[in-house]
Amino acid sequence: MSTAETMRFQAEARQVLDLMIHSLYTNKEIFLRELISNASDALDRLRVESLTNENLLGKDKLFEIVIEADSDARTLTVHDSGIGMSRQEVIDHIGTIARSGTRELLEGLKDQPGELARKMIGQFGVGFYSAFMAADRVSLSTRRAGEAGGTLWESDGNGEYTLSEAEKFRRGTSITLHLKPVDEENGIEDFTREWVVRRIVKQYSDFVTYPITFKEAGQAAKTVEAEAKPINSMKPIWARPSSDVTDEDYTEFYKHISHDWNAPLKHFSFKAEGRIEYQSLLYFPSEAPMDLFFDTGRFGLQLYVRQVLIMENCEEILPRYLRFVRGVVDSSDLPLNISRQRLQEDRHITQIRKWIARKVIDALTELARNDTENYEKLWNQFGRVLKEGVSFDVEARDKLSPLLRFDSSNDADRKTTLAEYASRMKPEQNEIFYLTGESRRTIADSPHLEAFAAHDIEVLFLSDPIDEMMVGALDEYEGKKLKSVGKGTVAIGGKEEQNESRKDLNARQVEYLDLMTLLKAKLGSDVREVRLTNRLTDSAACLVVADSDMSPQLERILRLQGGQPPDQQRIMELNPDHDIVKKLKARVDADKDDPAIDEFAELLFGGALLAEGSELKDPARFNRALSTLMSRHL
Ligand code: ADP
Ligand code: MG
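Residue numbers (the numbering used here): 16 to 649.
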């Protein structure tokens, strides 16, 4: 036998382990749920792989989980005859946390009090490491199905682990916990007692589809074959009449399939009978997983064929914009050994995908109608994902648009629907106004809203990066165009009022012509045009883009993503009633060559850029203008 090699946990893994050991969880018994869950996953994986590679199983056709207790040695071992791990897999999966978002999660955890830290860890799900809540040393011996040698991993959770080669007779994994002393006040019961193990398995893992048996150390091998009676009922939860299944059962099943430690927000199930038969049990999680917006994030539903799992994260049956949904689909019509390739072309799958999309949208609509509080929670977690549906899925757009929620100038604390907005529109108003920006705050402070506020016209505030894309795709709601108040010109008020104000502006255009021409000349290529506006009441100037141009928000997003947006010129709009503009006009009328006009032009333009949340094009130049003006006037 080779000597043991000592290795260090990856930094992130070490941090998570620390959190686990200094236990945020009082509920320490869930370590068993996590180990059984991993065992069950490993058996699932073996079964799925063996569908296409029968040799993997060899002579040992048994899929089972055995829990072995040794009350003298104070150890508890969970054996599974699953897929097992190669040496490298042990390093990659046990010594490392590879999931996207880990670093960000831990960064965010740093200054959080215990409760929040617990919640965040919960949504991340740190399965295997939970063993260290109940044990001060853990050893794992494993042999991958189809391979000869085994690997022994051992650690006391203090930053290092040892790896060595080991004989392992049976394929699969055995995890031995050297249990901490019993301390019932702190949630550490005597986990070597049969009745304790039975209770925990019943409570958290009853639905696991493989037999789980209990065995005292030293007893003759008592496997299912030797007629030991499994502790768990093994009944797939979706196949049982729902009157038989408690909410706790649904919750535990959710935790098992989602790897989420938090309870779901809602579950719902449905059944299709007829030409294509399938059953489905679906969940809305209560919190978004860390990797929801990473390309590497795993999503999809578990796909079963007549209660046999054939695919773990089947993406083909769930549109991407519903990727936050978890659950299972059990079909009666698919072949057991269908390949991913075939799956994509299968007519049943296309049909199931359509049905699922429809059912999920129905469930969302129902939630939005009957349980606004929970719908709001869901929206806050997953609204951005649903917006992808509006943006990219033409068929779903109409059904999704009533589900959208927006910040708006109408109410700072409550989000609004498009229908509610429409119901508050002025009689003469025929557009739905919105403004995009970096955050609710920068939008709410934007000068573009002034005239709208003065006329009491509501404006939607859009601050998600995807919003630009979404409003572009949506274009209108029930015949009312969506219109950005930062683009082109806006018409406020009734026909008559609009005509009046246009006439008024035209008249003053002549009056202000010299000022506008001079400003345009001073600002050069920074602006396309300088014109008068009626959209301002309190500010002197603002910048807008042409109707067909990109908004500054979209420009910023593209730049952040490393893109190079076209160099667009802004249109500078002046408020002819503003004191600054009036005085500046007087100054220009008196002396076109007044050197201060240079600085004023720079400040007006720079100030307007800052107000829309953009960066100054040339901060040094802006600063020089500011200093010159200040020194001249002090
Ligand atoms: P998760 O189950 O969410 O992936 P865990 O911390 O529970 O996270 O497990 C980490 C990984 O370790 C698993 O994804 C799996 O690859 C591996 N693993 C854990 N337990 C077993 C086991 N009994 N058999 C095979 N692989 C396992
Ligand atoms: Mg796990």
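Where a beta carbon is used, it is the ideal one built from N, C-alpha and C, also for glycine. Owing to the predicted nature of the structure, the values given are computational and were not obtained by experimental measurement.
- When secondary structure is reduced to three states using DSSP, H363 falls in the helix class.
- By the CB criterion at 8 Å, L530 and K598 fall outside the cutoff.
- Each residue's CA atom was taken as its position, placing I112 and A427 some 40 Å apart.
- In terms of CA proximity to V596, F615 leads the group T387, A605, S179 and F615.
- Between I481 and R571 the beta-carbon gap is near 14 Å, outside 8 Å, which marks them as no contact.
- For secondary structure counted as the beta strand (DSSP E) over 3 or more consecutive residues, the region 363-445 holds these complete runs in sequence order: 421-423 and 426-431.
- The ligand ADP never approaches T111 closely enough for any of its heavy atoms to be under 7 Å from the residue's Cβ.
- For Q524, the uninterrupted alpha helix (DSSP H) segment begins and ends at K510 to E526.
- Counting the other Cβ atoms within 10 Å of the Cβ of S646 gives fewer than 16, which makes it exposed.
- Scanning its chain for C-beta atoms nearer than 7 Å, with the 5 sequence neighbours on each side dropped, one finds around N445 the residues K495, in chain order.
- Of S423, V405 and N425, the smallest CA-CA separation from S416 is found for V405.
- At a cut-off of 3 residues, the continuous stretches assigned as beta strand (DSSP E) that sit fully inside the region 49-123 are 80-85 and 90-95.
- Y298 has H282 and R341 as its beta-bridge partners, per DSSP.
- With a 10 Å radius around the Cβ and a threshold of 16 neighbouring Cβ atoms, S454 comes out exposed.
- At a cut-off of 7 Å, the beta-carbon of G187 does not count as near the ligand MG: no heavy atom of the ligand is closer than that.
- Residue burial annotation: W168 is buried, with at least 16 other C-beta atoms found within 10 angstroms of its C-beta.
- Excluding its 5 nearest sequence neighbours in each direction, L475 has C-beta neighbours in its own chain below 6 Å: F421, S423 and Y449, listed in chain order.
- Under the criterion of beta carbons closer than 8 Å, V603 and L533 qualify as touching, at roughly 6 Å.
- For K230, the enclosing beta strand (DSSP E) starts and ends at I227 to E231.
- A distance of 8 Å or more separates the beta carbons of F46 and R62.
- CA-to-CA, the gap between P334 and R313 works out to about 13 Å.
- Note that the C-beta distance between L631 and I586 is not below 8 Å.
- Per DSSP, the unbroken alpha helix (DSSP H) holding T266 starts and ends at D262 to S273.
- From the listed residues L155, Y144 and M485, the smallest Cα separation to V409 is found for M485.
- Per the C-alpha coordinates, the member of I190, K76, A149 and S347 positioned closest to V197 is A149.
- If you look at A466, you'll find it isn't in any beta strand (DSSP E); it sits in the alpha helix (DSSP H) that goes E465 to A469.
- Taken through DSSP and simplified to helix, strand or coil, V223 comes out as coil.
- Sorting L464, T432 and E473 by C-alpha distance to the C-alpha of P442 places E473 at the top.
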